[in-house]
DNA sequence: TTTATTTGTGAGTGAGTACTCACTTTTATT
DNA sequence: AATAAAAGTGAGTACTCACTCACAAATAAA
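Below, the structure written as structure tokens:
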């Protein structure tokens, strides 16, 4: 099921490989579901305990505060949302050869990569973007990850393809970045958050989106 | 000040011209500020009363429930976000003549129009998009307004420019709509919500965004 | 001015709220 | 098997929540 996938992701993602107890896993599962459904502030710890089938005290045995529980859910998502963007792919694919197919393929790779990530983690991503505005801790976590791991690589990537002529030099680098990101994220949000029940032709939409980006920036 | 602008907007927007009492205006003002800052669920009616300088009972004299207060804040925003999109402009500008400048100008008009709307109502728009996921009443309000007032006009608009050759016929109409909307909304959100403190060159960004859309869909 | 209506009040209500703690049960270590 | 540490419990804590209501003040209608 979907729920187990989420937990799997979460457990794998936790920096120290401390395996959670079954009850702790149940708590996370319940909290994720309720935070996504009602929002963090509108969800009570007693409700989470009830849904998880544990005593309320058990929650506070593992998480000092309710906010601690939220952070422990959200922070691996932030990390994993940023990292696989470039980690292994970027270095070999971009710098070794510079062809047109390469640009198109990498663009496609990024879209598919993030598409699948959100597809597998819709609930967690929803919670993250819902709560980020109200919790400075999450904001900082996000900013750090983005500024360190995504932004610098992306800038280099854009500059490379501006040099090769795939991307027009009329666009400032930051504007290119903004346009690509809003187009990709906009698609993914429309697909999974805004209109998840629309009869999507995913492959077609992705191809058209890539075409739109490529032509728009040429 | 900004606050008064918001209220002015709100008061003008309320369907019946019942003018609110000064205390009621204070309540709305306080509620808007706190909802935007902490979120609806995390804001208590006692806090609102305190900030507005009224007794807590006064809130419930004017609004049956706390949710009633939220709806009365958010619903005029939904209406006003959709309406001026096309109301007067659309008919004359699009159907009377079909030139290339026309397409570009209308695109520009839309971007500037929505840009200024969000610029003037950032706080209210923030509340709307923050709370829409948790309140079916707002969702329905939004869906109705969009489906009735924006969507049909937009479809016709896209079809017109696909016929004139400004927009490629390779893109399905709904895909065109999605790409334009995510690009425009993505820019506005980045500008006013995500990175409001970045040193923006608004006119340049808008022009580049229009160029991106035009070339992307050609 | 008298009467009726609207607007404002704030103490009071019961139902939660996040969180604690003394305690029991389970698991790991010697 | 004895001891220690970790995990789980649920009644209890002080406090806050949205909302009510009997009453007072201000405004409008007569």
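Protein chains in written order, with the working numbering: chain A, 1 to 218; chain B, 1001 to 1218. All residues carry an ideal CB built from backbone N, CA and C; glycine is no exception.
Query	Result
Cutoff 8 Å; reference residue 202(A); Cβ partners in own chain excluding five residues on either side	115, 191
CB contact below 8 Å: residue 213(A) versus chain B	yes
is_contact[residue 192(A), chain B] using C-beta, thresh 8 Å	no
Sub-8 Å separation of residue 179(A) and residue 141(A) beta-carbons	no
Segment contact, 8 Å Cβ cut-off, at least three pairs: the region 144-161 of chain A with the region 53-62 of chain A	no
Close beta carbons around residue 36(A), own chain, < 7 Å, minus the five adjacent residues each side	123, 126, 127
Members of the region 1134-1160 of chain B near chain A, C-beta cut-off 7 Å	1134
First through last residue of the alpha helix (DSSP H) which encompasses residue 1040(B)	Unbroken run through residue 1040(B): none, as it is neither H nor E.
Collapsed DSSP secondary structure at residue 1197(B) in the structure displayed	coil
Within 8 Å, strictly: CB atoms of residue 1045(B) and residue 1067(B)	no
Between the CA atoms of residue 1064(B) and residue 118(A) - distance to the nearest angstrom	39 Å
8 Å Cβ cutoff, residue 119(A) in contact with chain B	no
Cβ pair residue 1175(B), residue 1111(B) closer than 8 Å	no
CB contact below 8 Å: residue 1217(B) versus chain A	yes
Min CB distance residue 1163(B) to chain A below 8 Å	no
Chain A within 8 Å of residue 1178(B), Cβ atoms only	yes
Contacting residues, own chain, Cβ-Cβ under 6 Å from residue 1162(B) (five flanking each side not counted)	1169
Check whether residue 32(A) and residue 58(A) have beta carbons under 8 Å apart	no
Cut-off 6 Å between Cβ atoms - residues of its own chain near residue 1062(B), not counting five sequence neighbours on either side	1024
Simplified DSSP state of residue 113(A), which is helix, strand or coil	helix
is_contact[residue 1029(B), chain A] using C-beta, thresh 8 Å	no
Residue 150(A) versus residue 1043(B): straight-line alpha-carbon distance, rounded	35 Å
Whole-number beta carbon distance between residue 1213(B) and residue 1182(B), since they are thought to touch under 8 Å	That belief does not hold up - the Cβ atoms of residue 1182(B) and residue 1213(B) are roughly 10 Å apart, past 8 Å.
Nearest to residue 207(A) (by Cα), restricted to the options 47(A), 187(A), 195(A), 29(A)	187(A)
Contact set for residue 205(A): own chain, Cβ-Cβ below 8 Å, skip 5 residues either direction	187, 191
Span separating the alpha-carbon of residue 1094(B) from that of residue 1120(B)	Because residue 1094(B) sits at a pLDDT of 47, beneath the cut-off of 50, its placement in the model cannot be relied upon, and the point is left open.
Environment of residue 1196(B) [buried if 16+ CB atoms lie within 10 Å]	exposed
Test: residue 1115(B) CB closer than 8 Å to a CB of chain A	no
Residue 1021(B), DSSP secondary structure in three states	coil
Residue 171(A): contacting residues in chain B (beta-carbon distance under 9 Å)	1208, 1211, 1212
Contact residues within the region 1040-1064 of chain B, judged by C-beta distance below 7 Å to chain A	1041, 1042
Residue 175(A): contacting residues in chain B (beta-carbon distance under 9 Å)	1204, 1205, 1208, 1209, 1212
Euclidean distance between Cα positions of residue 1040(B) and residue 1072(B)	13 Å
Buried versus exposed, by CB contacts within 10 Å (16 or more), residue 1076(B)	buried
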